[in-house]
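Visitor: The structure that follows is given in the form of structure tokens.
Number of protein chains: 2
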Amino acid sequence: MPADDVTVRRPTLTQVAALAGVSLKTASRALNQEPNVAPSTGRRVRDAADLLGYRLNGIARELRRGATSALVGLVSGDLTNPFYSAVASGIERELRQHGLLLITANNDEDAMLERSLVDAFLERRVRALLVIPSADDHEYLAIEGNRGVPFVFLDRPPDGLAADAVLIDNAGGARSAGEHLLAAGHRRIALVADLARMAPQRARIDGFVGAMRAAGNDAWEPYLRTDVHDVRHAERTVRELLALDPAPTAIFTTNNRLTTGALRGMRGRTDPPALVGFDDFDLADVLGTTVVAHDMTALGREAARLAYERISGHSGPARTIVISTSIIARGSGERPPR
Amino acid sequence: MPADDVTVRRPTLTQVAALAGVSLKTASRALNQEPNVAPSTGRRVRDAADLLGYRLNGIARELRRGATSALVGLVSGDLTNPFYSAVASGIERELRQHGLLLITANNDEDAMLERSLVDAFLERRVRALLVIPSADDHEYLAIEGNRGVPFVFLDRPPDGLAADAVLIDNAGGARSAGEHLLAAGHRRIALVADLARMAPQRARIDGFVGAMRAAGNDAWEPYLRTDVHDVRHAERTVRELLALDPAPTAIFTTNNRLTTGALRGMRGRTDPPALVGFDDFDLADVLGTTVVAHDMTALGREAARLAYERISGHSGPARTIVISTSIIARGSGERPPR
DNA sequence: CTCAAGTATGACATCGATGTCTATACGTCC
DNA sequence: GGACGTATAGACATCGATGTCATACTTGAG
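Quick note, the sequences are listed as chains A and B, same order. As numbered in UniProt numbering, residues 1 to 338 make up the first sequence, in order. As numbered in UniProt numbering, residues 1 to 338 make up the second sequence, in order.
Here is the structure:
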């Protein structure tokens, strides 16, 4: 009786060739549809391969062909956030059209982990690396960028490094949110923002503040809340804001997590404040939530496209694509001040 | 002036060794912390590596070490569905603890595509393959399963193949949803289900029907709707159901997409029917939607765990883990019949 | 009938790392 | 001082495929 734990090794091309009674190279030619293989030989080789359950060893092929894989890496924040998963989906679809596969890894918003994941991807010789960065400083990638591994930054601009990027029109979107609420008659508008050190948040805050300045409104200033980083914290913050006297009559939340928190914090109120949230989300229509929307799948798709162009040999200065935003009015942002 | 399109090749270990004035093998030893390297030699090698910007070629290493990568593949339906992304996230976290990386690809619910993605993964010599299958027949995987590539099926049982699986207690969850609505006094309960050919849907339908039978209720029968496959279709179906006379007083939707559609279809109604949805979702609390919840991250985690055990050499009969469900009452499922 | 061109095949080197085996230098112990 | 153990380092084969070049055998044109 054979030992149970003998690992069955996959047959190699050499074995296929032996069974077919041809040389290694001939077997390779036959299976790769190369010219100059006699029909009968080709059939014999294919039969042998089928019989043995042969499967090409992509690792060996890649080593021989140029030590570079058909993989593209994505390091993102947290796949459970629908924003990231929509982006990842856009990337994956675009890459698949070019026969590339996507490897993903979460950095859990941890800069150290991000770095080690980037390392792991580079060791695997990914063809390109897409990053939704958490780290503030990307200078350590500079050497890599010059060695033929293209980088594309998503959602957040590269810092200390010239690289392609696909960004959202954060300032513009936030400005229009501010203007939208001003137009509905609001003055005491609360701003609930995530970590201000992150560039997109910074831009959203600035855009909103710009709209207020331009309108000569400063009644929002007591209601500025930044560094609100999760749903719970946002919920609590909104409750606290609404308990103030005078309370704000409107709220602008600068990402989908904070919007979720705000909706929880406002739940059950008979006189809810107006609300506009950055990022569209599922069921916003049912909830009647006005949002600053943008095409997340397109963001991923464009990033994948930039990466593919670099892979295909495009060289030239770093490019930045900006995804536009638009307000989708669903009711919550059009409520007048009490 | 050098040509612009010269691809810069990464330095190899041979070059590092040459620069450090040692042999290839010594350089390898130094960088891999192997014993018996003089401190001064080690330093010289590391300096040379830094200077050249050397990075290990993981492909070559893998080929030498056993032609198997540190990658685990996941073929899933659609990453933009929060169900899949939560599962993927659970998998990824678990794998990372063992130094494994996750490659993902969407099959877009297409059986042919699923097969070709599985092929691509196997050629890359993934250590294990996790599948949330769309294909009905998985027999074609049987050969692979016997050749050392462990498979784990998620959410849907393997067909024509003995393999590990992690499933949800679909029948139990659906039964409890039915009982929950019966307990609230409903009799005319609509069932809105996705494609009945998919095993999980089949089980959910059966569970619900079982609850009705057990209670001696047959008033639900005119309101059975299956093969409702997307949000729009669900919305339309619910509208049509509510236009019937007599209309159902309660609705059970068998997945998150359908629940979304139902919520849209019920929007604006002053006398909404009771609603219970299978799968929990973000903001269900804000919307007050009663759901059959289950731990999606745990589903992914358990699947990754099973895969890891197989990778580590565990052999034995196929195992099936069932993730339990629980009703979370939030109001919509407790509304009494009109 | 001869020679050039074309077809089918095989031998061998190669991609970039690691495993095995061997060789040298240097102490140490008796 | 000779034998021996140990630390260090290198030569070489190897993983599984593909690229290059060489070779034997057909054809077809002149």
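Glycine included, every Cβ here is placed at the ideal spot set by N, Cα and C.
1. Give me the residue from B:225, B:226, B:189 and B:200 with the minimum Cα distance to residue 213 of chain B.
2. Please compile the residues from chain A whose C-beta is within a distance smaller than 7 angstroms of the C-beta of residue 123 of chain B.
3. Taking its Cβ as the centre, do 16 or more other Cβ atoms sit within 10 Å of residue 216 of chain B, making it buried, or is it exposed?
4. Indicate whether the contact test is met: 3 or more Cβ pairs, each with one atom in the region 124 to 144 of chain B and one in the region 64 to 82 of chain B, closer than 8 angstroms.
5. If we require 3 or more residues per run, which beta strand (DSSP E) segments fall completely within the region 154 to 184 of chain B?
6. Taking 8 angstroms as the threshold (C-beta atoms), are residue 196 of chain B and residue 171 of chain B in contact?
7. For the 8 angstroms Cβ check, are there 3 or more pairs between the region 237 to 244 of chain B and the region 259 to 268 of chain B?
8. What's the call for residue 143 of chain A, buried or exposed, on a 16-neighbour Cβ count within 10 Å?
9. Flag this pair as touching only if the region 38 to 51 of chain A and the region 41 to 52 of chain B have three or more C-beta atom pairs under 8 angstroms; answer yes or no.
10. Considering only their Cβ atoms, is the gap separating residue 198 of chain B from residue 156 of chain B smaller than 8 angstroms?
11. Which residue comes first and which comes last in the beta strand (DSSP E) that contains residue 121 of chain A?
12. List, in order along the chain, the chain A residues whose C-beta lies closer than 9 angstroms to that of residue 292 of chain B?
13. Considering only the beta carbon of each residue, do residue 140 of chain A and residue 115 of chain A sit closer than 8 angstroms?
14. Residues of chain A with a CB under 7 angstroms from the CB of residue 387 of chain B: which are they?
15. Ignore the nearest five residues each way along the sequence and tell me which others in residue 304 of chain B's own chain have a CB closer than 6 angstroms to its CB.
16. Could you tell me which chain A residues have their CB closer than 8 angstroms to the CB of residue 103 of chain B, listed as they occur along the chain?
17. Report the rounded CA-to-CA distance for residue 65 of chain B versus residue 16 of chain A, giving the unit in angstroms.
18. If contact means a Cβ-Cβ distance below 7 angstroms, which residues of the region 194 to 210 of chain B contact chain A?
19. Quick check on the DSSP output: what are the complete alpha helix (DSSP H) runs of length 4 or more inside the region 218 to 242 of chain B, in order along the chain?
20. List, in order along the chain, the chain A residues whose C-beta lies closer than 8 angstroms to that of residue 65 of chain B?
21. Indicate the three-state DSSP secondary structure (helix, strand or coil) for residue 100 of chain B in the structure shown.
22. Evaluate residue 201 of chain A with the Cβ neighbour count: other Cβ atoms within 10 Å of its Cβ, from every protein chain shown; 16 or more gives buried, anything less gives exposed.
23. Which of the three DSSP states, helix, strand or coil, is assigned to residue 256 of chain B?
24. Got a sec: which bits of the region 86 to 98 of chain B sit with their beta carbon under 8 angstroms from any beta carbon on chain A, in order along the chain?
25. Note down, in chain order, every chain A residue with its Cβ under 8 angstroms from the Cβ of residue 115 of chain B.
26. For residue 107 of chain B and residue 89 of chain A, I'd like the C-alpha separation in whole angstroms.
27. Chain A partners of residue 309 of chain B, CB-CB under 7 angstroms?
28. For the region 23 to 32 of chain A and the region 23 to 31 of chain B, state whether three or more C-beta atom pairs, one from each stretch, are separated by less than 8 angstroms.
29. Please list the partners that residue 317 of chain A has in chain B, where partner means a Cβ-to-Cβ separation under 7 angstroms.
30. Please report whether the beta-carbon of residue 282 of chain A lies at a distance below 8 angstroms from any beta-carbon of chain B.
31. So which residues on chain B does residue 260 of chain A lean against when the C-beta distance must stay under 7 angstroms?
32. The beta strand (DSSP E) that contains residue 277 of chain B, what's its start and end?
33. Flag residue 80 of chain A as yes if its beta-carbon sits less than 8 angstroms from any beta-carbon of chain B, otherwise no.
34. Where does residue 310 of chain B land, buried or exposed, given buried means 16+ other C-beta within 10 angstroms?
35. Which runs of the alpha helix (DSSP H) at least 4 residues long sit entirely within the UniProt domain "HTH lacI-type" (11 to 65) of chain A? Give them in chain order.
36. Return no unless some Cβ of chain A is closer than 8 angstroms to the Cβ of residue 143 of chain B.
Guide: Checking against the coordinates, here is how it stands:
1. Among B:225, B:226, B:189 and B:200, the Cα nearest to that of residue 213 of chain B is on B:189.
2. 55, 56 and 58
3. Around the beta carbon of residue 216 of chain B, fewer than 16 other beta carbons lie within 10 angstroms, which makes this residue exposed.
4. yes
5. 164 to 168
6. Cβ distance not < 8 angstroms, so residue 171 of chain B and residue 196 of chain B don't count as in contact.
7. yes
8. exposed
9. No, the region 38 to 51 of chain A does not touch the region 41 to 52 of chain B.
10. yes
11. Run containing residue 121 of chain A: none in the beta strand (DSSP E); it sits in the alpha helix (DSSP H), 111 to 123.
12. What residue 292 of chain B touches in chain A: nothing, since even the nearest Cβ is about 18 angstroms away.
13. yes
14. Here chain B covers residues 1 to 338 and nothing more, so residue 387 of chain B does not appear.
15. 91, 94 and 95
16. 71, 101, 102, 103 and 104
17. 22 angstroms
18. none
19. The region 218 to 242 of chain B contains, as complete alpha helix (DSSP H) runs of 4+ residues, the segments 231 to 242 (chain order).
20. Chain A residues near residue 65 of chain B: none, gap ~10 angstroms exceeds 8 angstroms.
21. It is coil, neither helix nor strand.
22. So residue 201 of chain A ends up on the buried side.
23. helix
24. 86, 88, 89, 92, 93 and 96
25. Within chain A, no residue comes near residue 115 of chain B; the closest Cβ sits about 14 angstroms away, beyond 8 angstroms.
26. 11 angstroms
27. Within chain A, no residue comes near residue 309 of chain B; the closest Cβ sits about 13 angstroms away, beyond 7 angstroms.
28. no
29. Simply none; closest approach about 12 angstroms.
30. yes
31. 282 and 283
32. Per DSSP, residue 277 of chain B belongs to the beta strand (DSSP E) from 274 to 278.
33. yes
34. buried
35. 13 to 20, 24 to 31, 39 to 52 and 58 to 65
36. yes
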